[in-house]
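S.K.: Sequence positions in the sequence shown follow the numbering used here and run 16 to 172.
Here a beta-carbon is modelled for each residue, glycine too, at the ideal position from N, C-alpha and C.
Please see the structure below; I have some questions.
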Amino acid sequence: MMPGIITAQNIITGKVINVLEGDKIVIVTERQESIIVKLSDIDCPEEGQPYWEEAMKKTEKLCYNKDVEVRVKREDREGVIGVVSIKSGKVIINHVLAAEGYAWDVKRGLRYDDDVAMVLEHVDKAKEKRKGIWKDTNPTPPWEFRKKEDIDLPKTS
Numbered sequence: 016m017m018p019g020i021i022t023a024q025n026i027i028t029g030k031v032i033n034v035l036e037g038d039k040i041v042i043v044t045e046r047q048e049s050i051i052v053k054l055s056d057i058d059c060p061e062e063g064q065p066y067w068e069e070a071m072k073k074t075e076k077l078c079y080n081k082d083v084e085v086r087v088k089r090e091d092r093e094g095v096i097g098v099v100s101i102k103s104g105k106v107i108i109n110h111v112l113a114a115e116g117y118a119w120d121v122k123r124g125l126r127y128d129d130d131v132a133m134v135l136e137h138v139d140k141a142k143e144k145r146k147g148i149w150k151d152t153n154p155t156p157p158w159e160f161r162k163k164e165d166i167d168l169p170k171t172s
């Protein structure tokens, strides 16, 4: 864990200063420490995919320049992975993106919990209503898009 940043309840608080992707933000804590946060349990479209821009704009609208709480689930090499809510606690960004059809659920490697259950429920409803990415009959998940992009990259010597 990042010493001095994460509380005993695995909560980080801060202000969103940048939206890197639909599912990745940067917050600055009260101690002026910048942290990259990947929204857990979801995967938004990558740049170059349909609905990438819409997912980015939705995330910006929901949380840019707002105080948030991040319930940390785990850390990775880039930062932390967690559930992000507006400080009021009424809006959970991960859930909204899934409900609006701007994210896939990420089932691989997940430990089932209430947040995963809510994301799965929101994604199922978005699919039924054909919202966002689910307007397409067979949308390409971001993890498959990333694999294809890696294959298509020119080889350097």
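Would the beta-carbon of K150 fall within 9 Å of that of L135?
M.R.: Contact flag unset, no.
S.K.: In whole angstroms, give me the CA-to-CA distance for P157 and Q47.
M.R.: Near 32 Å, if we compare the C-alpha coordinates of Q47 and P157.
S.K.: What does a CB cutoff of less than 6 Å around D120 pick up in its chain, not counting 5 residues either side in sequence?
M.R.: Correct list, in chain order: V134, L135, V138.
S.K.: V134 by DSSP, collapsed to three states: which one?
M.R.: Three-state result, V134: helix.
S.K.: Based on Cα-Cα distance, which residue from V95, D91, E84 lies nearest to K105?
M.R.: Per the Cα distances, E84.
S.K.: Rounded to whole angstroms, what is the Cα-Cα separation between T44 and S100?
M.R.: Roughly 15 Å separates the two Cα atoms.
S.K.: Which runs of the beta strand (DSSP E) spanning at least 3 residues fall entirely within the region 50-111, listed in chain order?
M.R.: Those beta strand (DSSP E) runs which fall completely within the region 50-111 and span 3+ residues are 82-90, 95-101.
S.K.: Can you name the start and end residues of the beta strand (DSSP E) that G173 belongs to?
M.R.: With the chain covering only 16 through 172, there is no way to say anything about residue 173.
S.K.: Using 10 angstroms around the beta-carbon of G147, count the other beta-carbons present and answer buried if the total reaches 16, otherwise exposed.
M.R.: Buried.
S.K.: In angstroms, rounded to a whole number, what distance separates the CA positions of K73 and V41?
M.R.: Cα-Cα distance, rounded: 15 Å.
S.K.: What first and last residue would you give for the beta strand (DSSP E) that runs through I40?
M.R.: It spans 39-43 - the beta strand (DSSP E) in which I40 sits, taken as one unbroken run.
S.K.: Put S172 into one of helix, strand or coil per three-state DSSP.
M.R.: At S172, the pLDDT of 48 sits below 50, so the modelled position is not reliable; the number obtained from the coordinates is stated separately. In this structure, S172 counts as coil in the three-state DSSP scheme.
S.K.: Given that a residue counts as buried once 16 or more other Cβ atoms are within 10 Å of its Cβ, and exposed if not, what is I96?
M.R.: With 16 or more Cβ atoms within 10 Å of its Cβ, I96 is classed as buried.
S.K.: So V87 and I27 are supposed to be a Cβ contact under 8 Å. How far apart are they, rounded?
M.R.: That belief holds up - the Cβ atoms of V87 and I27 are roughly 6 Å apart, short of 8 Å.
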